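Residue numbers (my numbering), protein chains in the order written: chain A, 396 to 507; chain B, -11 to 102.
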């Protein structure tokens, strides 16, 4: 079955710590990859996206993600987290413009 | 605000009642999606439209659920004979409907069935 897996359900970090959130997908064809963020009380917002080209993509607020095709992975990273990064993070896959499949999300808590 | 708009933001209903939610997508977007999200889960796909045509429906969408997008602009999602298990956040998103594009989400409608 097609799926998106996020391995970390809840991550707690201190400010300035580095972050890496894992995402794996199971689709074999051409995919578009996304990370969305949901801050408390707000709607889902796009953090970054990958369509093609350089597998290392940079997003807003210092986030980046690396697409590794051989591992079907699209991990999210940030060198130094801030308290304001506390949010729910969702990895998503789109099969070339059709529906978007989401992972179960990772709740990040950053302690000041 | 030219983003995706959903109405109402919150809905409390008694079991067995019908409810209808509305979504207004970004104006130039021809693709519109409905998702359901429960606590601790990611958004689960329900259905999507390309203009007024409903292209795909998830198995999650039982026959009590119906969605329409009559003129290819706003969309409605109706749930008939609501059950407690229908309590969730219902999300609407829209996109340009081309290969390389992202979806833009609304604030969602939180449904509570009592």
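Idealized CB from N, CA, C, for every residue including glycine.
Only a predicted model underlies this, so the values are computations on that prediction, with no experimental measurement involved.
By a C-beta neighbour count over all protein chains shown, 10 Å radius and 16 as the cutoff for buried, is residue i buried or exposed?
i	result
residue 500 (chain A)	buried
residue 433 (chain A)	buried
residue 414 (chain A)	buried
residue 449 (chain A)	exposed
residue 73 (chain B)	exposed
residue 0 (chain B)	exposed
residue 69 (chain B)	exposed
residue 51 (chain B)	exposed
residue 506 (chain A)	exposed
residue 411 (chain A)	exposed
Hey, out of the options, whose CA is closest to residue i's CA?
i	options	result
residue 17 (chain B)	B:91, B:102, B:68, B:5	B:91
residue 71 (chain B)	B:11, B:3, B:96	B:3
residue 504 (chain A)	A:478, A:497, A:424	A:478
residue 100 (chain B)	B:8, B:56, B:41	B:8
residue 39 (chain B)	B:89, B:102, B:85, B:54	B:85
residue 47 (chain B)	B:55, B:41, B:35	B:35
residue 447 (chain A)	A:429, A:480, A:472, A:486	A:429
Thinking C-beta only, is residue j closer than 8 Å to residue i?
i	j	result
residue 20 (chain B)	residue 82 (chain B)	yes
residue 452 (chain A)	residue 464 (chain A)	no
residue 33 (chain B)	residue 401 (chain A)	no
residue 64 (chain B)	residue 78 (chain B)	no
residue 416 (chain A)	residue 427 (chain A)	no
residue 467 (chain A)	residue 419 (chain A)	yes
residue 460 (chain A)	residue 470 (chain A)	yes
residue 28 (chain B)	residue 498 (chain A)	no
residue 405 (chain A)	residue 95 (chain B)	no
residue 487 (chain A)	residue 422 (chain A)	no
residue 490 (chain A)	residue 436 (chain A)	no
Could you give the residue range of the beta strand (DSSP E) that holds residue i?
i	result
residue 12 (chain B)	7 to 12
residue 76 (chain B)	76 to 83
residue 418 (chain A)	Taken as a continuous stretch (DSSP letters only), residue 418 (chain A) belongs to no beta strand (DSSP E), as it is neither H nor E.
residue 439 (chain A)	Careful: residue 439 (chain A) lies outside any beta strand (DSSP E) and carries neither H nor E.
residue 539 (chain A)	It is not possible to answer for residue 539 (chain A), since the shown part of chain A is limited to 396 through 507.
residue 483 (chain A)	482 to 489
residue -5 (chain B)	-7 to -5
residue 159 (chain B)	Outside the modelled stretch of chain B, which goes from -11 to 102, sits residue 159 (chain B), for which no answer is possible.
residue 503 (chain A)	501 to 506
residue 20 (chain B)	19 to 25
residue 459 (chain A)	459 to 463
residue 493 (chain A)	That residue, residue 493 (chain A), is in no beta strand (DSSP E); it is neither H nor E in DSSP.
residue 98 (chain B)	97 to 101
residue 64 (chain B)	63 to 67
residue 430 (chain A)	427 to 433
residue -2 (chain B)	-2 to 1
Name the chain D residues that come within less than 7 Å of residue i, Cβ to Cβ?
i	result
residue 44 (chain B)	Considering every chain present, this structure includes no chain D. Its protein chains are A and B.
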